[in-house]
Amino acid sequence: MFFNRKNIRRILEGKKTATRRKTGRWRLGNHSIRTTLFEKGLARIEIFRKYQQKLGDMTEEDARKEGVNSLEEFKQLWISLYGSWNPEEVVWVYEFKLIPGSIRIPPGHCRLCGSARLIGHYGISELAFSECLDCGAIYSSQGDLCSPSPFCYNSQ
2 MFFNRKNIRR ILEGKKTATR RKTGRWRLGN HSIRTTLFEK GLARIEIFRK YQQKLGDMTE
62 EDARKEGVNS LEEFKQLWIS LYGSWNPEEV VWVYEFKLIP GSIRIPPGHC RLCGSARLIG
122 HYGISELAFS ECLDCGAIYS SQGDLCSPSP FCYNSQ
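Residue numbers for the sequence shown follow my numbering, so the first one is 2 and each next one is one higher.
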């Protein structure tokens with residue numbers, strides 16, 4: 002199943018447990034999550050529920066399962082992806098859970114979204130911290146995740 006980097010991060014953090022799609026092609030069961038067709042799966046999810054729903058029937062709780070803070074935020078996200086919000090449009094809802102132990106992030110990639118686009122920020126002569134250009138995660142010079150503060154490399 003395909004997701005953008007921000008949504009992959011939300012899934013790996015446990016914030017996103019549902020997705021709405023215009024197509025009903027995905028089946029119940031285990032699926033890899035990835036950003037492109039030819040990318041290796043970054044983790045696996047289990048789709049355990051699939052149903053249809055009008056966009057206008059969504060609740061605040063539904064929006065939170067989508068990994069956002071409010072229904073209004075989800076509406077804006079939907080419009081950015083599909084161009085408009087039609088409350089009468091019927092979409093497919095997939096509820097899923099991340100399969101424990103399935104995360105396969107390659108070395109040197111962001112552990113929150115799987116991106117290889119990490120950029121190093123240097124102090125006087127050594128690496129101070131790294132930042133993911135796709136999701137904004139910050140890593141200390143030792144590789145520890147320390148988002149959102151870029152200054153965590155100073156603390157022990």
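Every residue, glycine too, gets a C-beta built ideally from N, C-alpha and C. Model, not experiment: these values are computed from the prediction.
task: Could you name the residues of the same chain whose beta carbon sits closer than 7 Å to that of LEU76, not counting the 5 residues immediately before and after it, in chain order?
output: Reading off the sequence shown, one finds Lys at residue 76, where the question assumed Leu. In its chain, beyond the 5 residues on either side, TRP86 have a beta carbon closer than 7 Å to the beta carbon of LYS76.
message: Check for me: the alpha helix (DSSP H) holding ARG112 runs from which residue to which?
response: Boundaries for ARG112: no alpha helix (DSSP H) harbours it, and the DSSP string shows neither H nor E there.
- prompt: Since ALA138 contacts LEU113 with CB under 8 Å, what's their CB separation in whole angstroms?
  reply: 5 Å between Cβ atoms; contact.
Inter-residue Cα distance where the pair is LYS7 and GLU14: Those two C-alpha atoms are separated by around 11 Å.
field: First through last residue of the alpha helix (DSSP H) which encompasses LEU119
entry: The continuous stretches of alpha helix (DSSP H) do not include LEU119, which lies in the beta strand (DSSP E) extending over residues 119-123.
field: Proximal residues to LYS17 (C-beta, below 7 Å), its chain only, five neighbours per side dropped
entry: The beta carbon of LYS17 sits closer than 7 Å to those of ASN8, ARG11, GLU67, GLY68, all from its chain and outside the five residues before and after it, given in chain order.
query: If you draw a straight line from the alpha carbon of PHE49 to that of THR60, how long is it in whole angstroms?
result: Roughly 20 Å separates the two Cα atoms.
message: Let me confirm a value: ALA117 is counted as buried when at least 16 other C-beta atoms fall within 10 Å, else exposed. Which label applies?
response: So ALA117 counts as exposed.
query: Taking 9 Å as the CB-CB limit, is LYS98 close to chain D?
result: The structure shown contains no chain D; it holds only a single protein chain.
query: With ASN5 and THR36 assumed to form a contact (beta carbons below 8 Å), what rounded beta-carbon distance in angstroms separates them?
result: Yes, ASN5 and THR36 are in contact; Cβ-Cβ is about 6 Å, under 8 Å.
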